[in-house]
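The structure appears below as structure tokens.
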């Protein structure tokens, strides 16, 4: 690769500047601050991109405000291109193929491919070379120098070595193989160990659990034994209870047996039934006979339908009263005729008779008053002329007389009006007759009352004596009485006729009864005979004996049955045993002893069961306390954590080894190739003093022209620097087989003497035949064959 | 199907009861932690329930039944109760121990119910007569140490002629004689003429030979992030031609899964993918595998664990994100010295001996982990991360 031209649009102090680099060896000469490094940085930036502000690096912002960036023209093995980059923050890349004039489509990718496998870092490491690198050499410790020199063959070795240092420090802080160290990983490891021990201890629980299991088994078998014993005791109790019961039965049976006597005759049920039936039949017959006998006692009867005597007595009475009433009735008629005659004297009604005063009035003489009135008048007239006060007397006597007269005549007129205007004389004549009338009326009334009273009495008496509900005599008139008399008479007659008939019937009936009586008496005798036979059969005297005998017989049978029932309930084999036992209390005592034993065993079983439960609870506790799994998982999680930490630690440790191994591998591999080149340069720089060098695993040795061998640390500072430069040039040369980028040497070799500097320039000239060399310096003496850009 | 008409048995290797799960974080919620702790037990109980439902004749447990030789009373109690339940249902148990639970029969343990037959260290054959009258021979052995370097397969007898079926129970892996886990070759097994080989040790379900079946049923529950997918046991019964054919039955309690993401630009790329995972009645333990991260901020967030924390907060309850792993493409690609760096890494790793770095005080399990392939892979990744960090600085 060759950089032909650069155009700086704006970069650091440079603006709108074009530089042509026609030759392969390009020297750029200038004083300090003249912009040498800026040019170098511009070229590198055009290839690998502008620097970023990271780490406060110089980004070369244009000082005069020109547009940041520029372009370079580069020859790649297969093409010539113009690379243009502008803008630092938002930079754009543009590449044009100069031969075809075409723009390359993916410039970044294309350029990366051209520069592959280099990046900026690696480019710096291989192709950049500055005085700084050299000046470090003199300050380095021997071992470090060795390492650096050894790893020149590796790319970026310095940075890798720095990383390995950091890792070494970090890992040393994390863990050490010393026990009891307080480093993080040592502490965590100890913790883990403790936890593991704790978990192992919890294993003891299994033994406890198993012990409990065994204990449970033992107690269980004890329980079983006890239960078996208990069953046998219970059976014994059962037997004893049965014996007690049977013993009671035997006792009962014996008591009943005592009641059974041979003397009691057994009476058949048929016989007692027959006897009882016969007895009932006989009673019935007897009743019949009694009834019939009573019927015989019934004589001819005087019974009538009615009370004939009473009827006859009433009849006589009625007839007497009838006669009397007839007489009363005729006198009443005469009185009524007389009354009628009086009434006929008057047109309307008979007036009232005159009272005494009225009689006197009528017959009274009123002449005095007539005279008095005349005298008075005369007096008045007389007095009028003679004596005037006499008038007053005259007036008074006159007035009184007149009044008396007027009152008298008025009363007479009233009476006349009452008597229909007949004369006073007639009135006076009729007076006795009128006065008789009330007496007649009185008599009529009395007789009428007497008749009705008697009728009423007769009605009452008659109904009381002979009346019945359906035969009521209603007697309101004398005619009714007549009718009643005839009624009574006919009834009496009828009753007497019926009576006669009845008596005839009685006679017939009694004849019938007599014959029946005979039949029943025969039957009665028959029943009696039956009874007698039965009584004789069982040697009883009477009914009562027979009945009692039967009762006894029944009782006897009951007892026999009960006895057999009781005996039947007792098992045969027990009976013989039972009758040898004196009394029940022996059995009861045995039973209670047996029960006591059972109870004891039951308690025992209960206690044993409690014990088993206790064991089970303990086992369950052990199980619920069994955190074994959980603890193990905790430990596993702890282990995970620990593995993570150790992984970090080991990764660091191994990375250190990896870095060293990589560096020594790459160096070792490159060194054979590098050796020729390096030896060539080293020999020239030392003017042939050193003729050989040996690369070993951890060391480099150099050989002088008189075959002395030196270790690196035995070399002088100058020689060390020369060896470093020789190796570095050799590396760039070896790498250029892969990719030949320009070599940039910035202010190098200031410590070299003039002779050696000239030699260096010669060497660089040689190198420039293979790859472009940019040499930046303050001065250059021999400028032959070198394109010098003097700033 | 009625019992006796067709023989039926279960082949369940690597139950790993009481397994502790490595690689889980202390930050895991308590309920999930409890589920994790009990997951192997629950998976086992699932199987026992199914065994009873299916009315199988017997169950074969060829090794690593327990995760470790010693166990607590709680697990032992569950085991004896479960086996007693099988006994009640007339189901036999054939148990042999593997490299994880070697010597369990020599440890303190609750008494085994008498339907359990345990194989001794030496190869032995047990016979069982089923209700159907069929006669089955089962040959097996137990580990008495964590390693079994002898070629045990040679000790297995040929198929018995007086039985209907002869089954082999074998805890080990294919390999050459002298290798630690009872190394065998498929040829050796075929030579025995058995009807079925119930293998244990390898946790991934796999068939080595179809007829007769030689294969691993895998574990009942995935034990770490690498044991992804549904796990379970084989329910085995004869087909029409009397060949014993296994049918896989799930028992997974916690489903381990890996979510691969090719290129990650944004954290939401992950959350959206996670949200699309449907809940299938069991919690999912998710490992996220990222091939490439472009965004340096996200890269840093992932490395510092911030991404993991953020994701755990916003994922559904049934998903637990175990880890985010970023696959580092080799960092020094296209470097002039690439081949030297690669060579150097191989050199370093092949020379790596953990005891050079860690004292014996560090638990053996941890030291051993770094000697395993996955441990070393982790180391390589971390180392590359360290270099890439440096490069960025």
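Residue numbers (the working numbering), protein chains in the order written: chain A, 1 to 791; chain B, 1 to 393. Glycine residues also receive a C-beta, built at the ideal position from the N, C-alpha and C atoms.
Coarse secondary structure for residue i, derived from DSSP in three states
i: residue 88 of chain A; result: coil
i: residue 194 of chain B; result: coil
i: residue 394 of chain B; result: Since the first residue shown for chain B is 1 and the last is 393, residue 394 of chain B is missing from the structure and cannot be characterised.
i: residue 179 of chain B; result: coil
i: residue 418 of chain A; result: helix
i: residue 804 of chain A; result: Residue 804 of chain A falls outside the range modelled here, since chain A spans only 1 to 791, and no answer is possible.
i: residue 658 of chain A; result: helix
i: residue 322 of chain A; result: helix
i: residue 336 of chain A; result: helix
i: residue 260 of chain B; result: strand
i: residue 515 of chain A; result: helix
i: residue 15 of chain B; result: coil
i: residue 729 of chain A; result: helix
i: residue 374 of chain B; result: helix
i: residue 112 of chain B; result: coil
i: residue 352 of chain A; result: coil
i: residue 241 of chain B; result: coil
i: residue 702 of chain A; result: strand
i: residue 740 of chain A; result: coil
Buried versus exposed call for residue i [16 or more other C-beta atoms within 10 Å across all chains shown]
i: residue 379 of chain B; result: buried
i: residue 579 of chain A; result: exposed
i: residue 104 of chain B; result: buried
i: residue 166 of chain B; result: buried
i: residue 299 of chain B; result: buried
i: residue 1 of chain B; result: Reliability fails at residue 1 of chain B, whose pLDDT of 35 lies under 50, so the model's placement of it is uncertain and the value that follows must be treated cautiously. That one is exposed.
i: residue 186 of chain B; result: exposed
i: residue 20 of chain B; result: buried
i: residue 785 of chain A; result: exposed
i: residue 6 of chain B; result: exposed
i: residue 522 of chain A; result: exposed
Contact check, residue i vs residue j, beta carbons under 9 Å
i: residue 440 of chain A; j: residue 345 of chain A; result: no
i: residue 326 of chain B; j: residue 302 of chain B; result: yes
i: residue 556 of chain A; j: residue 272 of chain A; result: no
i: residue 662 of chain A; j: residue 233 of chain B; result: no
i: residue 9 of chain B; j: residue 259 of chain B; result: no
i: residue 190 of chain B; j: residue 172 of chain B; result: no
i: residue 318 of chain B; j: residue 282 of chain B; result: yes
i: residue 399 of chain B; j: residue 24 of chain B; result: Because chain B is modelled from 1 through 393, residue 399 of chain B falls outside the range shown and cannot be assessed.
i: residue 474 of chain A; j: residue 459 of chain A; result: yes
i: residue 245 of chain A; j: residue 598 of chain A; result: no
i: residue 205 of chain A; j: residue 612 of chain A; result: no
i: residue 13 of chain B; j: residue 63 of chain B; result: yes
i: residue 362 of chain B; j: residue 189 of chain A; result: yes
i: residue 676 of chain A; j: residue 730 of chain A; result: yes
Distance cut-off 8 Å: residue i Cβ against heavy atoms of the ligand ZN
i: residue 338 of chain B; result: Summarising the ligand content, the structure contains no ligands, and the ligand ZN is consequently not present.
Contact belief for residue i with residue j at Cβ below 8 Å, rounded distance in angstroms
i: residue 30 of chain A; j: residue 791 of chain A; result: 3 Å
i: residue 420 of chain B; j: residue 169 of chain B; result: Chain B is shown only over 1 to 393; residue 420 of chain B falls outside these bounds and no answer can be derived.
i: residue 49 of chain A; j: residue 68 of chain A; result: Rounded, the Cβ-Cβ distance is 13 Å, inconsistent with contact.
i: residue 531 of chain A; j: residue 278 of chain A; result: 5 Å
Decide if the stretch 623-640 of chain A is in contact with the stretch 187-205 of chain A; the criterion is three or more beta carbon pairs, one per stretch, under 8 Å apart. With the cut-off at 8 Å, the stretch 623-640 of chain A and the stretch 187-205 of chain A touch.
Pairs of beta-carbons, one from the stretch 52-64 of chain B and one from the stretch 82-98 of chain B, closer than 8 Å: are there three or more? Judged by Cβ distances under 8 Å, the stretch 52-64 of chain B makes contact with the stretch 82-98 of chain B, as three or more pairs qualify.
For the stretch 245-258 of chain B and the stretch 215-223 of chain B, state whether three or more C-beta atom pairs, one from each stretch, are separated by less than 8 Å. Segments in contact, yes.
Is the stretch 49-66 of chain A touching the stretch 7-16 of chain A in the sense that three or more CB pairs, one from each, lie closer than 8 Å? Because the criterion of three Cβ pairs below 8 Å is met, the stretch 7-16 of chain A and the stretch 49-66 of chain A touch.
Taking contact to mean 3 or more Cβ pairs, one atom from each stretch, closer than 8 Å, check whether the stretch 382-389 of chain B and the stretch 639-656 of chain A are in contact. The answer is yes - the stretch 639-656 of chain A touches the stretch 382-389 of chain B, with three or more Cβ pairs under 8 Å.
Per the contact definition of three or more C-beta pairs closer than 8 Å, is the stretch 99-107 of chain A in contact with the stretch 118-128 of chain A? Verdict: no, contact absent.
Check whether the stretch 737-745 of chain A and the stretch 769-786 of chain A touch, using three or more Cβ-Cβ pairs below 8 Å as the test. Contact between the stretch 737-745 of chain A and the stretch 769-786 of chain A is established, with three or more Cβ pairs separated by less than 8 Å.
With contact counted as at least three CB pairs below 8 Å, one residue from each stretch, are the stretch 245-256 of chain A and the stretch 146-164 of chain B in contact? The stretch 245-256 of chain A makes no contact with the stretch 146-164 of chain B; the number of CB pairs closer than 8 Å stays below 3.
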